[in-house]
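Read the structure below first, then the notes.
In mature numbering (1 follows the signal peptide of the UniProt record, and there is no 0), the protein residues as written are -33 to -1, 1 to 603.
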């Protein structure tokens, strides 16, 4: 009506009004077209709620339709013939929250197949042909909460298979019938997971689930577990429900459920259980519902504790849980109705009692206490009266699942008498043992290293003379164990002597020879030789620098006093050895283990040095050489 009125208005402004009207009509058409396009529904699909819900099931689709609305929040593509999910297939569906791709023939999911789905909450891929977990395709699914992969021919769960989706709350891996390997790190990164299904996977052992610190529900039914061992549920402190039905379980070992402090429901029905360890459920303070039916229970003294526990836990319905299968006179009777009048029970027998043990402080130790049956419980009483059970928190001391009292390293305070107490429905039996801890031997033996540097100068054509400049220094000693048992001081004064040298003389080097510094038979030097070389190297460098400075100083001071050409000098650095290996008169003494020294050029002794040869091993020795060489030799 309003448009008709505008078109009938006369006057010069009519063309302007017509143009305005045309623009408005074009805008309306554009908006209507855009809205129609965004809410369009793909062929062979049904849509509702303005195309936010798209269902394309049972349409024999080979690929994902192209014309899915950008407003789609729920997309169901189940029961089609899709084989490959290509990269960027859903990149325009930013609002998609639930994607159902189950019951197709999907064998490959390309990298980036789920790009552009920042709001995806649930992804269903069960009943397909996947042979491996498509970890690479999960990278940008930051809000994914549920992942369904059940009933795929997946063979392995590698390490970090789901670390790209730490937001997961529910993970369904049931019916992976070809699964033959689960890595210990397969579930690393799933620290938000609440529910895990590993039912009907043919498992023979419970995989490592330690990383699932927030797991609350665990489905393990339909496997071939046979034995439930202690530590199988380590780390699952928040687990509330555990299902183990139809898993061929025949033995549950002592302390197997001790880690499940918050367990509320336990289903052990339809297995092959004959009995349970004494007080198996005692650590499970929150346990309210236990399903034990359809097991071949043997009703004897070993199940009497279970009868008492059922009466305390479910007093209103003692017929809820299990019936006796044997002996014949009790067959069909509910376990909760049994009492001690039905049996003649005896206290347990300790087959391997603990024995007295002598250990050294710091060592590991064990006190064993083995019983004739695993259905009994084993506790320990320490010297100070503390009762220790399996799972008791101690830094160094713990009770192992087989009843052994284990010490990681003993201290003097651990000395005393320990009592092993074995309990069943008829009573308890005790055995004692004394742990004697002795102090560790802290005596240490040491040897030392010291170096003496001797330099000699020859003046041709004259009587032998030498100008001696003495630099007193200390060489730090590295303490090293030695069989001798003696302790040497931390530092030993050592004299380094140097004579004036003609620096213009040519220098030459000779092969060095080695002098052992330890007693015969000592083999402990190898343990510290690397550290020793580093330390001695530092001090040798410092000593060398000091020697160079002295030489330069005396060269400048005595330069004007030199009237004749001095001959070449020889510098020899030898290793001082211990007193018992060197004679008083100098030389190498009678040390039988020393190698034959390398022959040296004939040396003539300066008259001023004759007395020094008898002063002791710590005095510097001066030599005169007739050779034309100046040799600096260092040997460690």
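We treat Cβ as the ideally placed atom computed from N, Cα and C, and that holds for glycine.
Using C-beta distances below 7 Å, list every residue in its chain close to residue i, excluding the 5 sequence neighbours before and after it, in chain order.
i, result
"residue 352", "none"
"residue 53", "77, 80"
"residue 335", "319, 321, 371"
"residue 56", "31, 80"
Just to confirm my understanding: we take residue i, look at its own chain, exclude 5 residues before and 5 after, and list those with CB closer than 6 Å. What are they?
i, result
"residue 355", "347, 366"
"residue 213", "188, 189, 237"
"residue 200", "226, 227"
"residue 315", "338, 343, 389, 391, 396"
"residue 312", "268, 392, 393"
"residue 222", "197, 357, 368"
"residue 210", "186, 188, 234"
"residue 329", "376, 407"
"residue 104", "76, 80, 81"
With a CB to CB cut of under 8 Å and the five nearest residues on each side skipped, what residues in its chain are close to residue i?
i, result
"residue 37", "5, 59, 60, 61, 62"
"residue 609", "In the structure as shown, the chain starts at -33 and stops at 603, and residue 609 therefore has no counterpart that could be examined."
"residue 215", "190, 191, 192, 193, 238, 239"
"residue 48", "27, 28, 29, 71, 72"
"residue 202", "176, 177, 178, 179, 180, 226"
"residue 661", "What is shown of the chain runs -33 to 603, which leaves residue 661 out entirely."
"residue -21", "Because residue -21 carries a pLDDT of 45, less than 50, the predicted location of this residue cannot be relied on, and the following value inherits that uncertainty. Within the same chain, residue -21 has no close Cβ partners at all."
Roughly how far, in whole angstroms, is the beta-carbon of residue i from the beta-carbon of residue j, given that I think they are within contact range, below 8 Å?
i, j, result
"residue 14", "residue 32", "Actually they do not touch by this definition, with Cβ atoms about 11 Å apart."
"residue 344", "residue 244", "7 Å"
"residue 64", "residue 86", "6 Å"
"residue 137", "residue 102", "Rounded, the Cβ-Cβ distance is 17 Å, inconsistent with contact."
"residue 116", "residue 140", "6 Å"
Taking the DSSP output, what are the residues bridged to residue i?
i, result
"residue 332", "374"
"residue 290", "301"
"residue 319", "337"
"residue 43", "22, 67"
"residue 272", "None; residue 272 has no bridge partner."
"residue 15", "20"
"residue 399", "386"
"residue 256", "232"
"residue 91", "67, 115"
"residue 161", "For residue 161, which the question treats as bridged, DSSP gives no partner whatsoever."
"residue 167", "In DSSP, residue 167 forms no bridge with anything."
If you draw a straight line from the alpha carbon of residue i to that of residue j, how long is it in whole angstroms?
i, j, result
"residue 525", "residue 510", "22 Å"
"residue 72", "residue 98", "12 Å"
"residue 9", "residue 109", "28 Å"
"residue 232", "residue 169", "23 Å"
"residue 268", "residue 246", "13 Å"
"residue 126", "residue 157", "12 Å"
"residue 260", "residue 241", "11 Å"
"residue 20", "residue 89", "14 Å"
"residue 74", "residue 375", "51 Å"
"residue 229", "residue 185", "13 Å"
"residue 427", "residue 522", "Low confidence applies to residue 427: its pLDDT is 42, below 50, so where it sits in the model is not reliable, and the reading given next is rough at best. Computed Cα separation, rounded: 19 Å."
"residue 380", "residue 275", "40 Å"
"residue 183", "residue 205", "6 Å"
"residue 23", "residue 271", "59 Å"
"residue 384", "residue 325", "12 Å"
"residue -2", "residue 44", "The pLDDT assigned to residue -2 is 40, lower than 50, so where the model puts this residue is not dependable; a value taken from the coordinates is nonetheless given after this. Looking at the two C-alpha atoms, the distance is approximately 29 Å."
"residue 166", "residue 16", "37 Å"
"residue 254", "residue 18", "47 Å"
"residue 172", "residue 195", "8 Å"
"residue 333", "residue 403", "12 Å"
"residue 516", "residue 496", "30 Å"
"residue 134", "residue 220", "35 Å"
"residue 350", "residue 382", "8 Å"
"residue 66", "residue 112", "12 Å"
"residue 287", "residue 280", "11 Å"
"residue 317", "residue 364", "22 Å"
"residue 373", "residue 100", "42 Å"
"residue 305", "residue 297", "9 Å"
Which word fits residue i, buried or exposed, when buried means at least 16 other C-beta atoms lie within 10 angstroms of its C-beta?
i, result
"residue 197", "buried"
"residue 406", "exposed"
"residue 303", "buried"
"residue 291", "buried"
"residue 578", "Note that residue 578 scores 45 on pLDDT, short of 50, meaning its location in the model is unreliable; the coordinates nonetheless yield the value given after this. Flag for residue 578 reads exposed."
"residue 129", "buried"
"residue 416", "Reliability fails at residue 416, whose pLDDT of 46 lies under 50, so the model's placement of it is uncertain and no value is given."
"residue 142", "buried"
"residue 307", "exposed"
"residue 519", "exposed"
"residue 174", "buried"
"residue 39", "buried"
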